[in-house]
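This is the structure in structure tokens:
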């Protein structure tokens, strides 16, 4: 019988962190951080003037005019989402699947979380009709849905929602009185920036959407926690929400470390070294993600083609007979199985709000780049053929071998006709 209780198999409620990029820290960023290491004063709660102005410039360049009094910074997006959830009150809606860190902070506050299915084409944004049905059902049962969290460039599915779907969902949510939080951590990691259209919900409804971006998505190393939020403009509610979030961040003592704030401000200004590094990193991860997608699809697993980020969401349901023969019958057992065989984290879909019984995992491209020295990490960015580098090649061959073995086992388990 499949397990329904994942006890003893890892912290399911608090899932995996953002995927690392497997690259050396940009020297210019290290220099800025090191130069600020001697600062004795702490950064103000919500961010200092330089950091907030840099965040405004970042959003201005993306068609979202922003003023410093509409911005807050925190040591990572989870702190911002926790503060927003506490400030807005009510029940929370999220897509299924969704980023692993979204739901735990609502549950920490005792808020019910309702997962809404996403369409077949992409993740990150709920199907509008499913969302409306969920809102009406929750209210009929005495609930009070107030907040919808979504992402146009999605973790874990690595897809980008079409503008038409996004507009329909956002408009329906606003008409139902929901406040929207748009997690745009991965918006600057589009694998094909000229062929993929990404719009922010804040461009559509600037007075109803709060944008949150963790800078570990594209600008900073994951070990330097910093994130920024852009609050709605044009109405008193935006001012009140911003003030309430600052109150909560103050109570939490959630300040960005001064050296990290200096590095974050530098990165948000997007000087040439940061832009060049960002583009090179995106190209590298896009190529590795495409190769990983080919490997899992060839073996008979199902995954949407990755469009952004550093991950791939794989459904191994078609290989269930072979997995069952190995004693793998749910997502936690699949996580254990693949983590052991691949030698890299393979968190199960249950960590992203998916069904425990569904055989789904998120694979990250960072571990597929291998370890090595800083010189070897730099070589991956500069190489015209990074997939042919020994460490990358070995990791991709292992990935293909593990999935091919499952495909061959599944074919042996097929009933004869």
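In the working numbering, the protein residues as written are 19 to 435.
Just so you know, even glycine gets a beta-carbon here, dropped at the ideal spot from N, CA and C.
Simplified DSSP assignment, three categories, for residue i
{"i": "residue 355", "result": "helix"}
{"i": "residue 416", "result": "helix"}
{"i": "residue 275", "result": "coil"}
{"i": "residue 232", "result": "strand"}
{"i": "residue 366", "result": "strand"}
{"i": "residue 79", "result": "coil"}
{"i": "residue 59", "result": "coil"}
{"i": "residue 160", "result": "coil"}
{"i": "residue 423", "result": "helix"}
{"i": "residue 285", "result": "helix"}
{"i": "residue 220", "result": "helix"}
{"i": "residue 143", "result": "coil"}
{"i": "residue 65", "result": "coil"}
{"i": "residue 171", "result": "strand"}
{"i": "residue 263", "result": "helix"}
{"i": "residue 410", "result": "helix"}
{"i": "residue 346", "result": "coil"}
{"i": "residue 429", "result": "helix"}
{"i": "residue 151", "result": "helix"}
Which residues DSSP lists as bridging residue i, in chain order
{"i": "residue 331", "result": "380"}
{"i": "residue 133", "result": "112"}
{"i": "residue 208", "result": "326"}
{"i": "residue 201", "result": "230"}
{"i": "residue 320", "result": "333"}
{"i": "residue 389", "result": "Beta-bridge pairing links residue 389 to no other residue."}
{"i": "residue 245", "result": "92, 232"}
{"i": "residue 178", "result": "171"}
Whole-number beta carbon distance between residue j and residue i, since they are thought to touch under 8 Å
{"i": "residue 310", "j": "residue 383", "result": "7 Å"}
{"i": "residue 274", "j": "residue 244", "result": "5 Å"}
{"i": "residue 317", "j": "residue 425", "result": "4 Å"}
{"i": "residue 259", "j": "residue 249", "result": "6 Å"}
{"i": "residue 398", "j": "residue 387", "result": "6 Å"}
{"i": "residue 328", "j": "residue 37", "result": "4 Å"}
{"i": "residue 197", "j": "residue 371", "result": "Wrong, their Cβ atoms sit about 20 Å apart, outside the cutoff."}
{"i": "residue 153", "j": "residue 137", "result": "Not confirmed; about 17 Å, so no contact."}
Beta-carbon gap between residue i and residue j smaller than 8 Å
{"i": "residue 112", "j": "residue 103", "result": "no"}
{"i": "residue 236", "j": "residue 207", "result": "yes"}
{"i": "residue 264", "j": "residue 64", "result": "yes"}
{"i": "residue 381", "j": "residue 350", "result": "no"}
{"i": "residue 143", "j": "residue 306", "result": "no"}
{"i": "residue 121", "j": "residue 267", "result": "no"}
{"i": "residue 71", "j": "residue 83", "result": "no"}
{"i": "residue 369", "j": "residue 34", "result": "yes"}
{"i": "residue 403", "j": "residue 47", "result": "no"}
{"i": "residue 204", "j": "residue 171", "result": "yes"}
{"i": "residue 41", "j": "residue 299", "result": "yes"}
{"i": "residue 214", "j": "residue 296", "result": "no"}
{"i": "residue 175", "j": "residue 115", "result": "yes"}
{"i": "residue 319", "j": "residue 339", "result": "no"}
The alpha helix (DSSP H) enclosing residue i, as first and last residue numbers
{"i": "residue 301", "result": "290-316"}
{"i": "residue 48", "result": "45-53"}
{"i": "residue 126", "result": "120-126"}
{"i": "residue 188", "result": "181-193"}
{"i": "residue 101", "result": "95-106"}
{"i": "residue 339", "result": "338-343"}
First through last residue of the beta strand (DSSP E) which encompasses residue i
{"i": "residue 164", "result": "163-168"}
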